[in-house]
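Reviewing the structure listed below.
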Amino acid sequence: MGLSTHVLDTMHGCPAAGMDIALYATDGGEARLIRRETLNHDGRTQTPLFDNATLRPGTYRLSFEVAAYFAAKGVELPSPNFLNQVNLDFGVAHADQHYHVPLLVSPWSYSTYRGS
């Protein structure tokens, strides 16, 4: 399956439908945009970010537009807000394995893990 993500809105207890994300390939301090997506009704991309044939070992960044998502849901955020973007930098060591990068997020906290 390659690389996938899933975002859950822990403030409202639902998938983060409509959240914008971006995937970058990273090399040291440089980041090259690979694609932008808006999450579907289930808080996922319509297709995997990479499939088995295109995933390569390397370092990547997923950037999640957290503040914009919560503002669009009508959440009153302080100025400046606590979380604006959540950037997750991670490595892919084995392109023959599936890498799932979920995000659990509220306006004030987040957590992630390597899922299956």
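According to the UniProt record's numbering, the sequence shown holds residues 1 to 116 in order. Backbone N, C-alpha and C fix where the C-beta goes; we use that ideal spot for every residue, glycine too. For clarity, every value in this text was computed on a predicted model and none was experimentally measured.
For leucine 88 and phenylalanine 50, the gap between their C-alpha atoms comes out near 16 Å. Under the 10 Å beta carbon count, methionine 1 is surrounded by fewer than 16 other beta carbons and is classified as exposed. In terms of Cα proximity to glutamate 65, the closest of Gly13, Arg32, Ala17 is Ala17.
Inter-segment contact for the region 5–20 and the region 35–48 is present: three or more beta-carbon pairs are separated by less than 8 Å.
Annotation: the continuous alpha helix (DSSP H) that includes valine 66 extends over 66–72. Bridge pairing for isoleucine 21: Glu37, Phe64 [DSSP].
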